[in-house]
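Trainee: Sequences listed follow chains E, B, D and S, in order.
Counting along the first sequence from 1, when you hit position 255 you're at 255 in our numbering, and nothing is skipped either side.
To convert a position in the second sequence, counted from 1, into our numbering, add 1000.
To convert a position in the third sequence, counted from 1, into our numbering, add 2000.
To convert a position in the fourth sequence, counted from 1, into our numbering, add 3000.
Number of protein chains: 4
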Amino acid sequence: MPAAPADSALYGSLFGDPDTARLFSDTAEIRAMLLVEGALARVQGALGLIPAEAAAFIDRSSQEVQIDPSALAAETGRNGVPVPGLLAAFRKAAGAPEPMQYLHWGATSQDIMDTGLALRLRPMLALWDGRLGALLARLADLAEAHAAQPMAARTYGQFATPTSFGAVVAGWGWPLLDWKSRIGPLRTAVLTVSLSGAAGTLSAMGPLGPRVRADLAAALGLADPGHSWHSDRSSVAELAGFAAGLAGSLGKLGEDVLALSQSGLSEVSSGGGGSSTMPQKQNPVAASALVALARHVIGLAGLVQGSALHRQQRDGAAWFGEWLALPQLCLSTGRMLTLAAEVVESLRPDPDAMAQLLEDGQGLIHAEALTFALAETLPRPEAAARVTALCDEARATGTDLTALAARDFPGTDWAAALAARGMGTAEAEARDFAARVRGS
Amino acid sequence: MPAAPADSALYGSLFGDPDTARLFSDTAEIRAMLLVEGALARVQGALGLIPAEAAAFIDRSSQEVQIDPSALAAETGRNGVPVPGLLAAFRKAAGAPEPMQYLHWGATSQDIMDTGLALRLRPMLALWDGRLGALLARLADLAEAHAAQPMAARTYGQFATPTSFGAVVAGWGWPLLDWKSRIGPLRTAVLTVSLSGAAGTLSAMGPLGPRVRADLAAALGLADPGHSWHSDRSSVAELAGFAAGLAGSLGKLGEDVLALSQSGLSEVSSGGGGSSTMPQKQNPVAASALVALARHVIGLAGLVQGSALHRQQRDGAAWFGEWLALPQLCLSTGRMLTLAAEVVESLRPDPDAMAQLLEDGQGLIHAEALTFALAETLPRPEAAARVTALCDEARATGTDLTALAARDFPGTDWAAALAARGMGTAEAEARDFAARVRGS
Amino acid sequence: MPAAPADSALYGSLFGDPDTARLFSDTAEIRAMLLVEGALARVQGALGLIPAEAAAFIDRSSQEVQIDPSALAAETGRNGVPVPGLLAAFRKAAGAPEPMQYLHWGATSQDIMDTGLALRLRPMLALWDGRLGALLARLADLAEAHAAQPMAARTYGQFATPTSFGAVVAGWGWPLLDWKSRIGPLRTAVLTVSLSGAAGTLSAMGPLGPRVRADLAAALGLADPGHSWHSDRSSVAELAGFAAGLAGSLGKLGEDVLALSQSGLSEVSSGGGGSSTMPQKQNPVAASALVALARHVIGLAGLVQGSALHRQQRDGAAWFGEWLALPQLCLSTGRMLTLAAEVVESLRPDPDAMAQLLEDGQGLIHAEALTFALAETLPRPEAAARVTALCDEARATGTDLTALAARDFPGTDWAAALAARGMGTAEAEARDFAARVRGS
Amino acid sequence: MPAAPADSALYGSLFGDPDTARLFSDTAEIRAMLLVEGALARVQGALGLIPAEAAAFIDRSSQEVQIDPSALAAETGRNGVPVPGLLAAFRKAAGAPEPMQYLHWGATSQDIMDTGLALRLRPMLALWDGRLGALLARLADLAEAHAAQPMAARTYGQFATPTSFGAVVAGWGWPLLDWKSRIGPLRTAVLTVSLSGAAGTLSAMGPLGPRVRADLAAALGLADPGHSWHSDRSSVAELAGFAAGLAGSLGKLGEDVLALSQSGLSEVSSGGGGSSTMPQKQNPVAASALVALARHVIGLAGLVQGSALHRQQRDGAAWFGEWLALPQLCLSTGRMLTLAAEVVESLRPDPDAMAQLLEDGQGLIHAEALTFALAETLPRPEAAARVTALCDEARATGTDLTALAARDFPGTDWAAALAARGMGTAEAEARDFAARVRGS
């Protein structure tokens, strides 16, 4: 019964991401929390805070015990957090009251949940990193293959000047290179142990508290922040901001593919969703879903960021707000990355269509180039005014701008001259991008 | 593998709403779409647009066929919409090619999906209406029972003047009465048939098209809008706006309960979530979840409203965006209503604590009343200035304001006089609200 | 020094709306608040709550006094609300301590501000209503003039079936008719007096309080809600929801104009913004600004709705949040309405371009019609399969679908036949819309 | 006529930030654009792309010319961008057609605007950095001064365990240290030259284009990205994400101050806004405004991030969307920083109130400590169960938990013992934070 299409059997293959979903399943969450409890006991045992045998028992049991999520539902509903129910179920399943009394010694639910989350975000960031890398490699190939393929650049949806398809692809890729490079700092921010006890002071662990936290961090391969961050949600907010930024860049790619694949332009084809009634339909479904997810992720990011207004030492309302948005944000980000790969994979540029459109529109796309060519002999304002008048005439009469230029400024093969002024840095931008990806 | 906590076995009892979830399950969606297809065939058969026997066969089969959502997943992933896959599966299961060729005659996926959604929103609005009614009844009882129970009103978190607990409860209820009264217009807006064919013109149905739409509306108990609304998402946006508004009002109730139940004030108790380490804890879990869901619903509403920027005759990116937010918005709204009922049900006002707080703070809460009492004999600016000075003195010396008033303005029993000036309309507001609920 | 482009001398003509801005100026706000104070005194004088001569003096002075907003800045910064500073300035300017002591008798800042806001929202809603009416009239003319003008309908940006330009225009207009009809209920919700005293109980007015509120409502032409709504922000949230919904519908119009005016399609032209370097440019600036404002309004609406989580009897954080978003939301909504009028006014459909595009794409846009035509003699699934194959062939070979149909299904003039199956309800939708607007 | 309260004479001292506003004034924007045009000419002159004398003339004139923003309004309204109007006005004012024809050679509006924005963001980031530094210094002093001041930690608004006021202050400060450290990477992202010509390929500058861009970057002290970023808005999105994150951390500080200063608790006092009718009022106005601005900034950040879905080579709708949100986002962020400083400056902790509240609630706040103390001799689950029962008894009878502990577990001075178990790392966290700030 899905609140989220990603959780639906019907829509899961459109909006879901099994690899990420695995990290946010009930089972994965419980497994991660048990891993934290086990490591905590191990560390506390080594420091002599709890008996060594109890520590070993808890550690071992935490790896073996099977807990059914639905058995914790009622308690979670009552307590808001699943940890009290999980501990009770774990104690019961382990069946050894003596060692198990040292379980969760001096910790609080948020320690276990936030640390468990960090353990699941680690493979998620690796997944994002890998997917971004693969996507970039594909974009690099595409940019290079079409580095010199001319097409019309558009501003405000209107023909502007020529560019190349490779440059357009590079334009999608540059920000993704940046986002990939920011995964490192993001790891530093979010892959952090949380261990602060009931309300941030670790008091139940006595003087050893900070040492336990440091050792737990080491045991789990997480960073030790050196202080409590129960009520400081800035790292989660940073993850959300990253996802929102990445969503913008991937959504832009999706929008461009939708624009270029429109009927009547068809400079690229992409995907091919069928209709229930129109036999000819080849709808750009993946690009559409990519744009939809991008806007969704940006909206969810705002909710996560808003949850950072976290009152006092723990704020149920704010923290629950995080839970409501974060898994969907992570899943949708993961899905954006696979969708972008699908879109790029299925992309078929049509050089003829691109060339044809460059010729359409009475050659007005060369108006800037003509202006600068004329400005070699005329003052530029006069050149611009003359070209503006020629553009008006071209539109009114359906004549090509180069023909009108030839009439008024004879002696130059304007079609050739303007093509030669050409595409500026377009080809170089495409090749530079490909080289940057390959060299990175 | 839940993207949404409401879909989780672990968190479902905190954030889920089984009654609403049932309407948004894959099965319910498929069932509703089949219902539309069946009714469409019936109506088209009656009008002679398709053979009567075929119509009857389709209608009957649509009620009997069982379709497994996961069998449609791959096709849905490819087409973006589940309808082509559903039709193929239905045709295959029905096994009678001759009549089944008339299935989905002249319709398009969006007709079936939007109409199917309307069929599921109908019981949802009934659910909301019923829950609001029950919640209001409870609030009416509570307001009346405590209509004259004095407590401190707060502005900016600071004691302002006395009010009554019943008036506070009425303040939660008045907007809910308004929202309840707006369910009627909301029904008019969203319980509408969609039947416009491939791209809004019903062309495949020939001249009978509008008649088919009208009859389909009648058959399904929905309104006939008289035109296409494929690309007009204003009714869905209105539903979202309603949910966001309701969320604000319910979230306010939640925030107030959190404020009143704070340790050190404890004017009400509510709920009692336990901690994994603090034995004394009785956390207001339900009120916290209510606030979290309220903010979540408001965020999702913006996403649904943004999806109304729906390009041309069908916009996959915008429409998918609706799907990503709407089910969660509906479920969370449903859950807010049950959570609010739980919060109100569990609410225990503590008259002693309320009375004690009124006395605290050196009686400064009576400063306005003292001003107006003195203004009977002094110019009001002078009265205000005198009271301001007394307030400063009361704070500095820890003396009660009434004692200082007695010193400076002898001859009046100020404690009694100020209490008599009392709570103004507080009691009446509480009783009026209860009467309005009962009379409505 | 503008935080908002609407407040900028440079950008004001793009994003500003002088008519709405006038209602949100500092001067207008102060004027409205003085009007409320004057009417309150008049009403209280008539009821004998304050001396009649004082009432008359305050009333008269409130109409004459000139208050410089910047003189109130420091006090407003300190108190959060401008009312204490305004009262002090008014008292000082009036110079008659005896009557002026009865100013603001028993009221609080929020009473004056919320009622003053209602007084300013009244002309704003009238403005919106009038603008929507004029826009609808223009759309009706346009829909009727082009009711039968064929063009390509698009779903997912792909040619779907034929429609008419008039039907497309009607599709923009239908939701606007709905929004216009909802201004009435919106007036009921927001044009309401607020008078509840310090913290919602009107205690300083004694038993006459509710009578004062009713009389003040009558004096100002506002509704009397019969209770306090200081902390119930649902009416403001409803205004925000309305604006967000309207933004969606207007933004859709803007998006459609951007899509139709794209170079290479050019089915409509609209506006003509110039470039600093490209002489040919005629950018659809107004439609772009309309879309930008639509998304901005939807975002601001969420902030206003979120401010309805208003704690206790007055919540500075929530209330200030309303102030930060509401004026910009109102101004931007007003500007959307004038921009939409500019866009529609400047719209020039190009029938030739529309016709040309219908012919483009190898006639694939007629695939559904061909299917249904063939389905008169073939089983529909077979018809659909045959047409799908023909579509593939048409695409692969660049042959027109009608030519292939003539080859395989000779004896029919397919071009004529498919054109005759035509546009379904498109013309009727356009004419119905025009008639509805004119009859409304 | 303010759409934004920050632009209002009345509300400017509450919501405005003159230092930031100066950078977003019309004049500052025009000045920055002229600076870019001047530097571009200088660089192009040095490279021989335009005549050296023309370059010198343009450069000099760009520093001297005065352009009235309102004179550009009409053209800006028409073109969407102010640059064509600015160039015309500049040419006219300079009055030397011959050299002035080389103005803006090969550049486009977006080059000038985005680079001009970077020039204004540079002092803004310096401002933020400085303000964060000053705020942190103040927080360090406060944390150290109250490092050992006991107070109640709250989770879910309920007493949890003891902490210290210094630790609470450190909790506000840690994330601010992080945000401050991220200003460096943010500078790298946003302080970047944009020079790509009409549509991203610099074609009008010929082969020298990239060299011009590099030299322009050097001349202006900005980074050269090495490629076009016209349609890549990820750096602006990153700025927005930073502001949203910072808003969360500052808003949390504001919420905490509101919570701690509530009447009935009054552990801190902060600010003192007066009321129009209640003489005793000292409202926490600055903390309220801080929370309001935090939520506003987070909402605006989502709008900026959404604008990164920027279609093709320039997207008017998306770019305008950025303009509508970014200045307000920057101003509000600046104001949050000054407000936070005001709040912290005015903060007066009340040790007696803090101590009193720790004693309130029947000593239940020591329940966890008692559990761990008993767990030295009892199995922990038994200890927890015993303490839970004692807590219930304490609540029911109003007896202090330590008294009940003394009754059931005699021989220990429980009040002293539990106090000694005390505050864990609280004092150390406060001192560590102060040291980190001072050492940074």
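Virtual Cβ for every residue (Gly too), placed ideally from N, Cα, C.
1) Check the Cβ-Cβ distances between residue 2027/D and every residue of chain E, and say whether any is below 8 Å.
2) Between residue 3027/S and residue 3093/S, what straight-line distance do the alpha-carbon atoms span, to the nearest angstrom?
3) Does any C-beta atom of chain S lie closer than 8 Å to the C-beta of residue 1322/B?
4) For residue 113/E and residue 69/E, what's the separation of their Cα atoms in angstroms?
5) What does DSSP give as the partner residue(s) for residue 2269/D in the beta ladder?
6) Check each candidate in 3033/S, 3189/S and 3150/S and name the one with the smallest Cα separation from residue 2971/S.
7) By the DSSP assignment, the alpha helix (DSSP H) with residue 152/E in it spans what residues?
8) Once the 5 residues before and after residue 2020/D are set aside, which same chain residues still bring their CB inside 7 Å of it?
9) Quick check: is any heavy atom of the ligand GTP less than 7 Å from the C-beta of residue 126/E?
10) What does the alpha-carbon distance come out to for the pair residue 254/E and residue 227/E?
11) At the level of alpha carbons, what is the spacing between residue 426/E and residue 2283/D?
12) Go ahead and label residue 1438/B buried or exposed: buried means 16 or more other beta carbons lie within 10 angstroms of its beta carbon, across all protein chains shown.
13) For residue 3308/S, return the contacting residues in chain F, with the cut-off set at a CB-CB distance below 9 Å.
14) Let me confirm a value: residue 3328/S is counted as buried when at least 16 other C-beta atoms fall within 10 Å, else exposed. Which label applies?
15) Check the C-beta distance from residue 2248/D over to residue 1234/B and give it rounded, since I have them as a contact under 8 Å.
16) Residue 1024/B and residue 3/E look like a contact to me (Cβ under 8 Å); what is the Cβ gap, rounded to whole Å?
17) Decide if residue 3263/S is buried, meaning its Cβ has at least 16 other Cβ atoms within 10 Å, or exposed.
18) Which bits of chain E does residue 1087/B rub up against, with CB to CB less than 8 Å?
19) Among 1421/B, 1431/B, 1393/B and 1432/B, which residue has its Cα nearest to the Cα of residue 2207/D?
20) Give the DSSP bridge partners of residue 158/E, in chain order.
21) Count the other CB atoms within 10 Å of the CB of residue 3185/S; is the residue buried (16 or more) or exposed (fewer)?
22) Please identify the residue among 3302/S, 3168/S, 3098/S and 3286/S whose C-alpha is closest to the C-alpha of residue 3245/S.
23) Is there a C-beta anywhere in chain S that falls below 8 Å from the one on residue 1424/B?
24) Please state whether DSSP places residue 3163/S in a helix, a strand or coil.
25) Using a 10 Å radius around the Cβ and a threshold of 16 neighbouring Cβ atoms, would you call residue 2314/D buried or exposed?
26) Restricting to Cα atoms, I'd like to know which of 365/E, 436/E, 316/E and 431/E is closest to residue 3156/S.
27) Give a yes or no on whether 8 Å exceeds the smallest Cβ distance from residue 3095/S to chain E.
28) Which residues mark the beginning and the end of the alpha helix (DSSP H) in which residue 1059/B is found?
29) Could you tell me whether the segment 3042-3059 of chain S touches the segment 3209-3221 of chain S, where touching means 3 or more Cβ pairs closer than 8 Å?
30) So which residues on chain E does residue 2388/D lean against when the C-beta distance must stay under 9 Å?
31) Residue 30/E: which of 1222/B, 1008/B, 1409/B and 1035/B sits nearest, CA to CA?
32) Residue 1223/B bridges to which residues according to DSSP?
33) Between the segment 1269-1289 of chain B and the segment 2333-2350 of chain D, do at least 3 Cβ pairs fall closer than 8 Å?
34) Take residue 65/E and list the residues in its own chain whose beta-carbon comes closer than 7 Å to its own, dropping the five residues that flank it on each side.
35) Below 8 Å between beta carbons: does that hold for residue 1232/B and residue 1172/B?
36) Just list the residues that DSSP pairs residue 3283/S with in beta bridges.
Mentor: Quick answer:
1) Position 27 of the third sequence holds residue 2027/D. Answer no: the Cβ-Cβ gap between residue 2027/D and chain E never drops below 8 Å.
2) As a working mapping, residue 3027/S is identified with position 27 in the fourth sequence. As a working mapping, residue 3093/S is identified with position 93 in the fourth sequence. About 16 Å.
3) Start at 1 with the first residue of the second sequence, and residue 1322/B comes out as number 322. Not one beta carbon of chain S lies nearer than 8 Å to the beta carbon of residue 1322/B.
4) Counted from its first residue, the first sequence places residue 113/E at position 113. Counted from its first residue, the first sequence places residue 69/E at position 69. Residue 113/E and residue 69/E have their C-alpha atoms roughly 15 Å apart.
5) For this step, residue 2269/D is matched to residue 269 along the third sequence. For residue 2269/D, the pairing in a beta bridge is given by DSSP as 2348/D.
6) What the structure shows of chain S is the stretch from 3001 to 3440, and residue 2971/S is not part of that stretch, so it cannot be assessed.
7) Here residue 152/E refers to the residue found at position 152 when the first sequence is read from its first residue. Counted as a single uninterrupted DSSP element, the stretch harbouring residue 152/E is not any alpha helix (DSSP H) but the beta strand (DSSP E) occupying residues 150-155.
8) In the third sequence, counting from the first residue as 1, residue 2020/D sits at position 20. Here the set comprises 2124, 2127, 2330, 2331 and 2334.
9) Absence of the ligand GTP is noted for the structure shown, with no ligands found whatsoever.
10) Residue mapping note: residue 254/E aligns to position 254 of the first sequence, counting from 1. Residue mapping note: residue 227/E aligns to position 227 of the first sequence, counting from 1. Taking the straight line from one Cα to the other gives about 42 Å.
11) Position 426 of the first sequence holds residue 426/E. Position 283 of the third sequence holds residue 2283/D. Their Cα atoms are separated by approximately 23 Å.
12) Here residue 1438/B corresponds to residue number 438 of the second sequence, with the count starting at 1. Residue 1438/B comes out exposed.
13) Absent here is chain F; the protein component of the structure consists of chains E, B, D and S.
14) Stepping through the fourth sequence from its first residue, residue 3328/S is reached at position 328. Buried, by the Cβ-count rule.
15) Here residue 2248/D corresponds to residue number 248 of the third sequence, with the count starting at 1. Here residue 1234/B corresponds to residue number 234 of the second sequence, with the count starting at 1. 6 Å between Cβ atoms; contact.
16) Against the second sequence, residue 1024/B aligns to sequence position 24. Against the first sequence, residue 3/E aligns to sequence position 3. Contact flag correct, Cβ pair sits at about 7 Å.
17) For the purposes of this step, residue 3263/S is taken as the residue at position 263 of the fourth sequence. With 16 or more other Cβ atoms within 10 Å, it is buried.
18) Counting from 1 along the second sequence, the entry for residue 1087/B is found at position 87. Those are 276, listed as they occur along chain E.
19) For this step, residue 2207/D is matched to residue 207 along the third sequence. Nearest option by C-alpha distance: 1421/B.
20) Mapped onto the first sequence, residue 158/E falls at position 158. Beta-bridge annotation (DSSP): residue 158/E is paired with 155/E.
21) Residue numbering aside, residue 3185/S sits at position 185 when the fourth sequence is read from its first letter. Exposed.
22) Within the fourth sequence, the letter at position 245 stands for residue 3245/S. Looking only at 3302/S, 3168/S, 3098/S and 3286/S, the smallest Cα-Cα distance to residue 3245/S is reached by 3302/S.
23) For this step, residue 1424/B is matched to residue 424 along the second sequence. So, not an interface residue.
24) Taking the first residue of the fourth sequence as position 1, residue 3163/S is located at position 163. Shown here, residue 3163/S sits in a strand according to DSSP, grouped into three states.
25) What you label residue 2314/D is simply residue 314 of the third sequence in a count that begins at 1. So residue 2314/D ends up on the buried side.
26) Within the fourth sequence, the letter at position 156 stands for residue 3156/S. Nearest C-alpha to residue 3156/S: 316/E.
27) Sequence index remark: in the fourth sequence, residue 3095/S carries index 95 (1-based). So, not an interface residue.
28) Within the second sequence, numbered from 1, the residue matching residue 1059/B stands at position 59. Per DSSP, residue 1059/B belongs to the alpha helix (DSSP H) from 1052-1064.
29) Contact check between the segment 3042-3059 of chain S and the segment 3209-3221 of chain S: three or more CB pairs, one atom from each, fall below 8 Å, which counts as touching.
30) Here residue 2388/D refers to the residue found at position 388 when the third sequence is read from its first residue. In chain order, 274, 279 and 280 make up the part of chain E whose C-beta sits under 9 Å from the C-beta of residue 2388/D.
31) If you number the first sequence from 1, residue 30/E lands on position 30. Ranked by Cα distance from residue 30/E, the options 1222/B, 1008/B, 1409/B and 1035/B are led by 1008/B.
32) As a first step, residue 1223/B must be located in the second sequence, where it is residue number 223. Looking at the DSSP output, residue 1223/B bridges to 1192/B.
33) Segments in contact, no.
34) Counting from one through the first sequence, the residue named residue 65/E turns up at place 65. Taken in chain order, the residues that qualify are 34, 90, 93 and 94.
35) The residue you call residue 1232/B lines up with position 232 of the second sequence. The residue you call residue 1172/B lines up with position 172 of the second sequence. Residue 1232/B is not a Cβ neighbour of residue 1172/B, given a cutoff of 8 Å.
36) The sequence position of residue 3283/S within the fourth sequence is 283, counting from 1. DSSP lists 3273/S as partners of residue 3283/S.
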